[in-house]
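K.L.:
Residues in the sequence shown are numbered from 1 upward in steps of one, following this note's numbering.
Before anything else, here's the structure in question.
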Amino acid sequence: MALIPSLFGNRRSNIFDPFEDFPFSSSLLTTPTPETSAFVNTRIDWKETPEAHVFKADLPGLKKEEVKVEVEDDRVLQISGERNVEKEDKNDTWHRVERSNGSFMRRFRLPENVKMDQVKASMENGVLTVTVPKVEVKKPDVKSIEISG
């Protein structure tokens with residue numbers, strides 16, 4: 001079990017790291033760089049309903065044309081995009097820059113019970129919603145057997 005470093009220094013906590021086996025280092029999650037700051041700040045919720053897996057991402061200020069949703073053959077959902085730097089005017093004086101920019105990418109390995117060919121995505125008011133329908137679980141036919149005797 002991997003442990004995630006605390007946000008307050010390099011102390012260890014007893015939190016399980018679900019990203020331990022992903023193809024990127026957990027340090028990307030705890031040590032933001034200019035290239036990964038937007039990646040770290042992209043928050044995504046994943047819930048499972050009886051019918052589907054639903055992902056919601058807060059992407060304020062982005063248009064749907066600036067976001068890519070892709071699925072790979074091995075059941076990996078990838079959400080990526082880029083926040084562009086605002087055009088700078090030489091006469092402007094910046095007092096504070098807190099909004100992140102740059103590219104971001106999040107990847108999720110989906111379970112086996114999904115319909116990869118029916119993934120749908122929509123974007124409204126800066127919130128991306130990706131719906132991945134689940135395969136219907138066929139209930140076994142139960143046949144009643146009469147007991148003789």
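Note that CB positions come from ideal geometry on N, CA and C, so glycine has one too.
Thinking C-alpha only, which one of Pro50, Glu98, Lys64 and Val69 is nearest Val167?
P.N.:
For residue 167 there is no data in the structure shown, the boundaries of the chain being 1 and 149.
K.L.:
Compare the C-alpha of Glu86 against each of Asn101, Ala121 and Asp74 and name the closest.
P.N.:
Selected option, being the one with the closest Cα: Asn101.
K.L.:
Nearest to Gly126 by alpha carbon, out of Ala57, Ile44 and Lys134?
P.N.:
Taking only the C-alpha atoms, the option nearest Gly126 is Ala57.
K.L.:
Would you call the region 105-122 and the region 138-146 in contact, with 3 or more CB pairs under 8 Å?
P.N.:
Because the criterion of three Cβ pairs below 8 Å is not met, the region 105-122 and the region 138-146 do not touch.
K.L.:
Should the region 45-64 be regarded as contacting the region 86-98, the criterion being three or more beta carbon pairs within less than 8 Å?
P.N.:
Contact between the region 45-64 and the region 86-98 is absent, because fewer than three Cβ pairs lie under 8 Å.
K.L.:
Applying the criterion that 16 or more other CB atoms from any shown protein chain within 10 Å of the CB defines a buried residue, is Arg99 buried or exposed?
P.N.:
When all chains shown are included, Arg99 counts as exposed.
K.L.:
To the nearest angstrom, how far is the alpha carbon of Lys64 from that of Gly81?
P.N.:
Roughly 9 Å separates the two Cα atoms.
K.L.:
Rank Lys47, Phe55 and Lys115 by C-alpha distance to the C-alpha of Ser122 and give the top, closest one.
P.N.:
Minimum Cα distance to Ser122 is reached at Phe55.
K.L.:
At a cut-off of 7 Å, would you count Leu62 as near the ligand FMN, judging by its Cβ distance to the nearest heavy atom?
P.N.:
With respect to small molecules bound, the structure shown includes none, and the ligand FMN cannot be examined in it.
K.L.:
Tell me which same chain residues have a C-beta within less than 7 Å of the C-beta of Met116, skipping the five on either side of it?
P.N.:
So the qualifying residues of the chain are Val71 and Arg75.
K.L.:
Using alpha carbons as the reference points, say which of Leu62, Glu66, Thr42 and Gln78 lies closest to Val130.
P.N.:
Ranking Leu62, Glu66, Thr42 and Gln78 by Cα distance to Val130 puts Gln78 first.
K.L.:
Which first and last residues belong to the beta strand (DSSP E) in which Met116 is found?
P.N.:
Looking at the DSSP string, Met116 is not in any beta strand (DSSP E), and its letter there is neither H nor E.
K.L.:
On the DSSP letters alone, give me the boundaries of the beta strand (DSSP E) that Ile79 sits inside.
P.N.:
Residues Val76 to Arg83.
K.L.:
Where does Glu65 fall in DSSP's three states?
P.N.:
It is helical.
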